[in-house]
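Trainee: If you read the sequences in order, they're chains A and B.
Read left to right, the first sequence gives residues 6 to 341 (this note's numbering).
Read left to right, the second sequence gives residues 6 to 341 (this note's numbering).
Take this structure first; my questions come after.
There are 2 protein chains.
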Amino acid sequence: MKSRTTIKDIARALNIHHATVSRALRDHPDVKPETRRLVKEMARKLNYQPNILARNLKMNSTNMIGVIVPEIKHHFFAAVISGIEEVAYQAGYVILVCQSNEQYEREVMNTRALISNKVAGLIVSISQTTQQGEHFRLFQEQGGKIVFFDRVFEEINAPKVVVDDYQGAFEATEHLIRQGRRRIAHIGGTEHISVSLARFRGYRAALEKNGLSFHPDYVVFSGFHESDGQRGMEQLLKLTPRPDALFAVNDPVAVGSYEVIKQAGLKIPDDIAVVGFSNNPISAVVNPPLTTVEQPSYEMGKYAAEILIRMIKSGKDENTESPLVLNTRLIKRASA
Amino acid sequence: MKSRTTIKDIARALNIHHATVSRALRDHPDVKPETRRLVKEMARKLNYQPNILARNLKMNSTNMIGVIVPEIKHHFFAAVISGIEEVAYQAGYVILVCQSNEQYEREVMNTRALISNKVAGLIVSISQTTQQGEHFRLFQEQGGKIVFFDRVFEEINAPKVVVDDYQGAFEATEHLIRQGRRRIAHIGGTEHISVSLARFRGYRAALEKNGLSFHPDYVVFSGFHESDGQRGMEQLLKLTPRPDALFAVNDPVAVGSYEVIKQAGLKIPDDIAVVGFSNNPISAVVNPPLTTVEQPSYEMGKYAAEILIRMIKSGKDENTESPLVLNTRLIKRASA
DNA sequence: GTTAACATTACACACGTGTGCGATAAGGTG
DNA sequence: CACCTTATCGCACACGTGTGTAATGTTAAC
Numbered sequence: 006m007k008s009r010t011t012i013k014d015i016a017r018a019l020n021i022h023h024a025t026v027s028r029a030l031r032d033h034p035d036v037k038p039e040t041r042r043l044v045k046e047m048a049r050k051l052n053y054q055p056n057i058l059a060r061n062l063k064m065n066s067t068n069m070i071g072v073i074v075p076e077i078k079h080h081f082f083a084a085v086i087s088g089i090e091e092v093a094y095q096a097g098y099v100i101l102v103c104q105s106n107e108q109y110e111r112e113v114m115n116t117r118a119l120i121s122n123k124v125a126g127l128i129v130s131i132s133q134t135t136q137q138g139e140h141f142r143l144f145q146e147q148g149g150k151i152v153f154f155d156r157v158f159e160e161i162n163a164p165k166v167v168v169d170d171y172q173g174a175f176e177a178t179e180h181l182i183r184q185g186r187r188r189i190a191h192i193g194g195t196e197h198i199s200v201s202l203a204r205f206r207g208y209r210a211a212l213e214k215n216g217l218s219f220h221p222d223y224v225v226f227s228g229f230h231e232s233d234g235q236r237g238m239e240q241l242l243k244l245t246p247r248p249d250a251l252f253a254v255n256d257p258v259a260v261g262s263y264e265v266i267k268q269a270g271l272k273i274p275d276d277i278a279v280v281g282f283s284n285n286p287i288s289a290v291v292n293p294p295l296t297t298v299e300q301p302s303y304e305m306g307k308y309a310a311e312i313l314i315r316m317i318k319s320g321k322d323e324n325t326e327s328p329l330v331l332n333t334r335l336i337k338r339a340s341a
Numbered sequence: 006m007k008s009r010t011t012i013k014d015i016a017r018a019l020n021i022h023h024a025t026v027s028r029a030l031r032d033h034p035d036v037k038p039e040t041r042r043l044v045k046e047m048a049r050k051l052n053y054q055p056n057i058l059a060r061n062l063k064m065n066s067t068n069m070i071g072v073i074v075p076e077i078k079h080h081f082f083a084a085v086i087s088g089i090e091e092v093a094y095q096a097g098y099v100i101l102v103c104q105s106n107e108q109y110e111r112e113v114m115n116t117r118a119l120i121s122n123k124v125a126g127l128i129v130s131i132s133q134t135t136q137q138g139e140h141f142r143l144f145q146e147q148g149g150k151i152v153f154f155d156r157v158f159e160e161i162n163a164p165k166v167v168v169d170d171y172q173g174a175f176e177a178t179e180h181l182i183r184q185g186r187r188r189i190a191h192i193g194g195t196e197h198i199s200v201s202l203a204r205f206r207g208y209r210a211a212l213e214k215n216g217l218s219f220h221p222d223y224v225v226f227s228g229f230h231e232s233d234g235q236r237g238m239e240q241l242l243k244l245t246p247r248p249d250a251l252f253a254v255n256d257p258v259a260v261g262s263y264e265v266i267k268q269a270g271l272k273i274p275d276d277i278a279v280v281g282f283s284n285n286p287i288s289a290v291v292n293p294p295l296t297t298v299e300q301p302s303y304e305m306g307k308y309a310a311e312i313l314i315r316m317i318k319s320g321k322d323e324n325t326e327s328p329l330v331l332n333t334r335l336i337k338r339a340s341a
């Protein structure tokens with residue numbers, strides 16, 4: 006990087022002190038309008054661009070927001086990041102994006118790196134393997150603001166943006182029940198993850214409310230990937246009597262189950278009806294089209310960013326007790 | 006942000022000078038192994054985390070890589086970003102991600118913001134509407150390194166990572182020809198974008214090599230989105246004689262054409278065969294499964310990041326004449 | 001004409017880190 | 001013992017900006 010014009014250069018050119026230049030550029034009332042004009046003119050003439058690094062160091066804060074997600078290339082997270090960036094851009098912030106690859110250790114490393122880079126705030130969806138939150142608490146103790154979304158960390162005192170996973174799962178399951186299904190299986194994500202738990206509870210509640218008994222055998226927690234859906238369905242197909250419906254924790258898992266069901270010579274939805282979660286674009290074009298629960302991912306990112314930026318600007322926490330819950334919507338397609 | 010432990014705190018605790026601490030932490034040979042050990046121990050004990058802002062200011066460079074893409078939530082770009090982040094993380098860099106939303110003005114704003122934040126380098130895929138490159142040249146003049154990928158900017162002297170769009174399009178088109186198709190249409194992206202042009206040329210070359218004449222009427226440049234594919238196909242269906250095959254610039258466009266074709270009561274591939282580009286996950290599950298050209302998006306990000314980081318570290322440009330061309334692979338499915 | 005009040009600017013220092021150079025001490029060589 | 005080499009560490013300053021306070025200039029009031 007070549008050296009560039011600084012406020013000292015401007016000061017030298019006008020034969021005044023650089024402190025005056027600094028104030029003039031920030032429209033400080035203590036500096037005479039005339040000199041203010043001169044300074045700004047010279048700044049333009051010399052093509053001055055402030056060194057944000059120096060300002061950040063002095064102010065001990067930045068215009069950067071750190072974002073940590075399990076995997077960027079998953080459509081849901083990509084859409085959330087898209088929403089975050091949109092809001093951040095409008096507010097003059099830039100986003101630092103990291104992926105934990107579902108590994109706790111890497112999430113910690115990411116957090117440390119972002120802290121070192123003095124991000125003004127953090128937007129996080131935790132990894133599957135995260136069960137402790139010291140790295141987040143450390144950041145908060147230093148005055149950093151955090152907002153969680155989707156996979157939130159309950160024990161940390163911070164705003165959380167989620168969809169109504171319980172209600173969405175409840176409706177999805179009830180939809181299956183209304184269609185006469187009685188042996189409804191569930192493939193979950195990872196047991197201690199908030200969304201997994203909420204969706205599982207919604208599933209179970211729908212069963213019980215409708216007088217169906219809950220069988221632990223019909224529930225498998227395998228993960229969030231397509232391959233996890235395959236593994237889960239392989240396990241479920243060994244059961245007798247065989248399930249006649251599946252509520253999957255998300256769309257990739259549901260799609261993963263598709264292949265196993267078809268390979269077993271079974272028909273969707275005749276033999277096994279399937280419902281997913283998240284309205285991934287893939288769900289609309291898969292064969293048969295997948296009934297799923299729409300969750301507003303892009304909006305989720307926007308809300309999270311808006312809350313965080315408000316907190317950064319005000320310096321105050323807000324709404325740390327009850328999460329912001331966005332509504333879901335059941336999208337009925339041919340698979341159920 | 007509350008103040009944190011600095012090297013001065015460590016120095017005070019050990020009753021040595023902070024300069025020695027600085028050197029000890031950076032494994033400078035001038036400091037005794039014993040004190041080096043003591044310093045590191047104390048650093049861990051006090052939970053020291055370096056203030057990168059200060060280091061950046063002193064060094065006049067950062068550990069940040071700026072990434073500008075048209076839209077994050079498109080699977081292709083999300084996958085590339087994923088690859089970039091992976092390599093950057095391993096090398097101790099973090100990535101600043103911006104989206105241009107296909108708008109030139111916003112791309113310029115993004116670039117300026119990233120320059121202000123003193124990113125060490127830039128990885129860019131330009132927007133549809135970008136036809137000038139002063140903002141990139143400005144960055145280079147200040148010593149910044151740029152690597153372009155996919156939608157590259159030809160006029161700028163920088164390494165470029167692309168797939169063999171020409172060859173991929175050629176093979177895709179020839180595949181259609183081998184199946185007896187004669188009136189092969191093409192829906193392109195935006196005419197001045199590098200990938201659009203290369204794919205169009207491959208398409209045209211395949212026609213001409215196989216003795217088919219090229220008809221401008223059969224080519225529409227509409228954009229890269231699904232909706233552009235719909236618009237394009239609506240236009241193509243008005244032609245007589247109707248095309249019997251389509252080579253689309255990418256998978257979303259191909260999928261967009263699906264709907265219009267089906268609504269017109271036509272069958273894929275019987276009436277119109279379709280080939281896409283990029284092997285978007287959606288292409289495998291759409292009905293019928295879409296024949297497409299696989300491009301290694303994740304690897305593209307990794308290569309781009311590797312090249313950029315090498316350039317940053319060495320301070321030298323490399324390979325700015327001929328782009329790094331990754332191979333494509335035709336994936337044959339039911340749609341053609 | 002003196003003084004108070006105010007406007008404007010200069011000075012000095014701080015943020016946390018890195019580095020050239022000098023200071024000190026230890027050890028070796030003649 | 002004198003001298004040089006080497007190892008180790010402290011001192012001072014720098015990066016570019018922001019800010020409290022002192023200093024200077026200007027105006028108004030008595």
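Note that the Cβ used here is the ideal one computed from N, Cα and C, for glycine as well.
When the distance is taken between beta carbons, is Ile317 (chain A) closer than 9 Å to Gly88 (chain A)?
Mentor: no
Trainee: In the DSSP assignment, what are the bridge partners of His191 (chain A)?
Mentor: A:Val224 and A:Phe252
Trainee: Taking Asn122 (chain B) as the query, report the chain A residues whose CB atoms sit under 7 Å from its CB, ordered along the chain.
Mentor: Ile57 and Val99
Trainee: Using the beta-carbon count (16 or more within 10 Å), is Thr245 (chain B) buried or exposed?
Mentor: Flag for Thr245 (chain B) reads exposed.
Trainee: Pull up the distance between the alpha-carbon of Ser121 (chain B) and that of Phe175 (chain A), whole angstroms please.
Mentor: Rounded to the nearest whole angstrom, the C-alpha separation of Ser121 (chain B) and Phe175 (chain A) is 49 Å.
Trainee: Among B:Leu43, B:Val258, B:Glu264 and B:Ala250, which residue has its Cα nearest to the Cα of Asn20 (chain B)?
Mentor: B:Leu43
Trainee: Counting only Cβ pairs nearer than 7 Å, list the residues of chain B close to Gln104 (chain A).
Mentor: Those are Ser87 and Glu90, listed as they occur along chain B.
Trainee: Exposed or buried, what is Glu159 (chain A) when buried is set at 16 or more other beta-carbons lying within 10 Å of its beta-carbon?
Mentor: exposed
Trainee: Could you pull out every unbroken beta strand (DSSP E) segment of at least 3 residues lying fully inside the segment 125-194 of chain B, listed in chain order?
Mentor: 126-129, 150-154, 165-168 and 189-193
Trainee: When the cut-off is 9 Å and only beta carbons count, does Lys318 (chain B) lie next to chain A?
Mentor: Taking a beta-carbon distance threshold of 9 Å, Lys318 (chain B) does not count as an interface residue toward chain A.
Trainee: Residue range of the beta strand (DSSP E) that Leu329 (chain A) falls in?
Mentor: Leu329 to Leu331
Trainee: For Ile128 (chain A) versus Gly71 (chain A), is the C-beta distance shorter than 9 Å?
Mentor: yes
Trainee: Going straight from the alpha carbon of Thr296 (chain A) to that of Ala341 (chain A), what length do you get?
Mentor: Using only the alpha carbons, I get a separation of about 6 Å.
Trainee: Between Gln54 (chain A) and the rest of its own chain, which residues show a CB-CB distance below 7 Å, the 5 nearest in sequence each way excluded?
Mentor: Arg9
Trainee: Quick check on Met69 (chain B) - is its C-beta less than 9 Å from some C-beta in chain A?
Mentor: yes
Trainee: Please state if the CB of Ser227 (chain A) and the CB of Gly345 (chain A) are separated by a distance shorter than 9 Å.
Mentor: Nothing about residue 345 (chain A) can be read from this structure; chain A reaches only from 6 to 341.
Trainee: Show which residues of chain A have a CB atom less than 9 Å away from the CB atom of His230 (chain B).
Mentor: The premise fails here: His230 (chain B) is roughly 12 Å from chain A at the closest Cβ pair, so nothing lies under 9 Å.
Trainee: Three Cβ pairs or more, each shorter than 8 Å: is that satisfied between the segment 266-279 of chain B and the segment 326-340 of chain B?
Mentor: Touching, yes, given that three or more Cβ pairs across the two stretches are closer than 8 Å.
Trainee: Three or more beta-carbon pairs under 8 Å between the segment 209-218 of chain B and the segment 175-184 of chain B, yes or no?
Mentor: yes
Trainee: Can you tell me which of the three DSSP states Phe237 (chain B) falls into?
Mentor: For the sequence presented, residue 237 (chain B) should be read as Gly rather than Phe. Looking at Gly237 (chain B) - three-state DSSP - the assignment turns out to be helix.
Trainee: Any beta-carbon of chain B closer than 9 Å to the one on Arg31 (chain A)?
Mentor: no
Trainee: With DSSP as the reference, label Leu119 (chain A) as helix, strand or coil.
Mentor: helix
Trainee: If you draw a straight line from the alpha carbon of Glu146 (chain B) to that of Arg156 (chain B), how long is it in whole angstroms?
Mentor: 22 Å
Trainee: Applying the 10 Å Cβ sphere with the 16-neighbour rule, what's the burial state of Asn115 (chain B)?
Mentor: buried
Trainee: Is the Cβ-Cβ distance between Asp222 (chain A) and Ser199 (chain A) less than 9 Å?
Mentor: Contact annotation: Asp222 (chain A) and Ser199 (chain A) have beta-carbon atoms that are not nearer than 9 Å.
Trainee: Using only CA atoms, which one of A:Phe153, A:Gln136, A:Phe81 and A:Arg117 lies nearest to Asn52 (chain B)?
Mentor: When only C-alpha atoms are compared, the closest one is A:Arg117.
Trainee: Can you tell me whether His79 (chain A) is buried or exposed? The criterion is at least 16 other CB atoms within 10 Å of its CB, across all chains shown.
Mentor: buried
Trainee: To the nearest angstrom, how far is the alpha carbon of Val290 (chain B) from that of Val152 (chain B)?
Mentor: Val290 (chain B) and Val152 (chain B) have their C-alpha atoms spaced approximately 33 Å apart.
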